[in-house]
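Numbered per the UniProt record's numbering, the sequence shown spans residues 1 to 334.
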Amino acid sequence: MVIKFVVILIMVIVFWRFVVYHTTRKYLAAKADGTVHDEIKDMACQTGIRANDATKNAFNKGKQAKLRLIKVVVKNEELTLNYEYAGTANWRDDWKATLPECVDSFEPCFILFRMNTIHEWILITFADDRAPVKEKMLLAATCATFKSEFGQCYIQFERHITDRKDLSIDSFESWLKTKSDVGPMSEVEQELHNAQQERATVAHTGPQHMKGVAFPIDRNAEDALRKLAKGELNFVQLSVDTLNEAIKLEGTQDNLDAQDLAKKISRDKPRYTFFRFDHNWEGTIFNSVLFIYSLPASGSSIKERMLYSSCKGPFLDTVTRHLGVEISRKVISK
Numbered sequence: 001m002v003i004k005f006v007v008i009l010i011m012v013i014v015f016w017r018f019v020v021y022h023t024t025r026k027y028l029a030a031k032a033d034g035t036v037h038d039e040i041k042d043m044a045c046q047t048g049i050r051a052n053d054a055t056k057n058a059f060n061k062g063k064q065a066k067l068r069l070i071k072v073v074v075k076n077e078e079l080t081l082n083y084e085y086a087g088t089a090n091w092r093d094d095w096k097a098t099l100p101e102c103v104d105s106f107e108p109c110f111i112l113f114r115m116n117t118i119h120e121w122i123l124i125t126f127a128d129d130r131a132p133v134k135e136k137m138l139l140a141a142t143c144a145t146f147k148s149e150f151g152q153c154y155i156q157f158e159r160h161i162t163d164r165k166d167l168s169i170d171s172f173e174s175w176l177k178t179k180s181d182v183g184p185m186s187e188v189e190q191e192l193h194n195a196q197q198e199r200a201t202v203a204h205t206g207p208q209h210m211k212g213v214a215f216p217i218d219r220n221a222e223d224a225l226r227k228l229a230k231g232e233l234n235f236v237q238l239s240v241d242t243l244n245e246a247i248k249l250e251g252t253q254d255n256l257d258a259q260d261l262a263k264k265i266s267r268d269k270p271r272y273t274f275f276r277f278d279h280n281w282e283g284t285i286f287n288s289v290l291f292i293y294s295l296p297a298s299g300s301s302i303k304e305r306m307l308y309s310s311c312k313g314p315f316l317d318t319v320t321r322h323l324g325v326e327i328s329r330k331v332i333s334k
């Protein structure tokens, strides 16, 4: 028994030293080159750093082609607007007028530069080797948040720069040429690119106060959801009509058994499904509404899946605010 305990103790000590050793190596590597590993990024996602109102306003102006350049820094635990430039009709002249002069070697920053249309933004993460390591790590850790706040679908290219001289127009055009020389896109890549362009267009013309795409809900679907809220139906399934850009009713039932619910979820088409489960627990009656967002990987196009994802937020907001449906739980089925 004692021998067994000693063996286990030794194994624990060896394992702990292994973890400490490799964690230390990762940290030193990050400190040496200014990069941040995925583990650090995951931790940084919990810091709550978000764009402030001034930055959000600049983002909206940029998506309306009212700005050529937007510079943002991480300051006071916010994505803070540092500089904006309206520009002229010539993007090359605008580049020469602003870059690299608007950046500070000791201040890491995000730079958004618009080429021609609202879909042709270049995202530059600038972190000079001489900048403080902590600030470079924070910039890298907030990059995903930054792209999410601005809108990934608007960003055509991304580039990380560590030296101001690489921000010259000659250096940029040489780099851009290497991007343009890449071979033709595959069918899937082309479909994804087209879907991103369409999504950006719809999001740009839609409401600016809400993230996502607000498609109208047809009359039959609205009526079914109201009946669900009143308890007259317990199953309502809807689809996104990508051709007519509307949310349509697919089917309803007034008394679907919970055991048969799985059979109603399509395995090859995305769907929004509501299931009302009325039950009694210790004398108390509960009316629980389950929302199931089914998104199978096969059988649907990339455009279709992107639209379902983009429509979900505004759609649920309408359902809960205006149609009287109180959702108890949301489930994603893939």
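Every residue gets a Cβ at the ideal spot worked out from N, C-alpha and C, and that includes glycine.
Hey, quick one: how far does the beta strand (DSSP E) through residue i stretch, first residue to last?
| i | result |
| --- | --- |
| residue 280 | 271-281 |
Going along the chain, which residues of its own chain have a beta-carbon closer than 7 Å to the beta-carbon of residue i, five neighbours each way excluded?
| i | result |
| --- | --- |
| residue 92 | 169 |
| residue 308 | 240, 270, 295 |
Since residue i sits in a beta bridge, which residues does DSSP pair it with?
| i | result |
| --- | --- |
| residue 70 | 84, 112 |
| residue 159 | 124 |
| residue 217 | 247 |
| residue 64 | BP columns for residue 64 are empty, so no partner. |
| residue 287 | 278 |
| residue 253 | 235 |
Taking the beta carbon of residue i as the centre, do at least 16 other beta carbons fall within 10 Å, making it buried, or is it exposed?
| i | result |
| --- | --- |
| residue 321 | exposed |
| residue 178 | exposed |
| residue 207 | Per-residue confidence for residue 207 stands at a pLDDT of 41, beneath the threshold of 50, marking its modelled position as unreliable; the derived number appears in the next sentence. With fewer than 16 Cβ atoms within 10 Å of its Cβ, residue 207 is classed as exposed. |
| residue 282 | exposed |
| residue 362 | Nothing in the structure corresponds to residue 362, since the chain is present only between 1 and 334. |
| residue 108 | buried |
| residue 158 | exposed |
| residue 174 | exposed |
| residue 124 | buried |
| residue 62 | buried |
| residue 111 | buried |
Apart from the five residues on each side of it in sequence, which residues of its chain come closer than 8 Å, Cβ to Cβ, to residue i?
| i | result |
| --- | --- |
| residue 234 | 228, 253, 254, 255, 256, 275, 276, 277, 278 |
| residue 54 | 80, 81 |
| residue 311 | 212, 213, 214, 215, 240, 247 |
Residues in the same chain with beta-carbon distance under 6 Å from residue i, minus the five sequence neighbours each way, listed in chain order, please.
| i | result |
| --- | --- |
| residue 87 | 68, 94 |
| residue 296 | 267, 268 |
| residue 113 | 69, 122 |
Starting from residue i, trace the alpha helix (DSSP H) both ways and give me its first and last residue.
| i | result |
| --- | --- |
| residue 307 | 302-322 |
| residue 148 | 143-150 |
| residue 329 | From DSSP, residue 329 is part of no alpha helix (DSSP H) but of the beta strand (DSSP E) over 329-333. |
| residue 131 | Element bounds for residue 131: n/a, residue is neither H nor E. |
**OP:** Examine the Cβ distances between the stretch 111-126 and the stretch 152-159 and report whether three or more of them are shorter than 8 Å.
**Re:** yes
Original post:
Is the stretch 234-252 touching the stretch 266-273, taking contact as three or more C-beta pairs under 8 Å?
Top reply: yes
Original post:
Does the stretch 214-233 come within contact of the stretch 259-266, defined as at least 3 CB pairs closer than 8 Å?
Top reply: no
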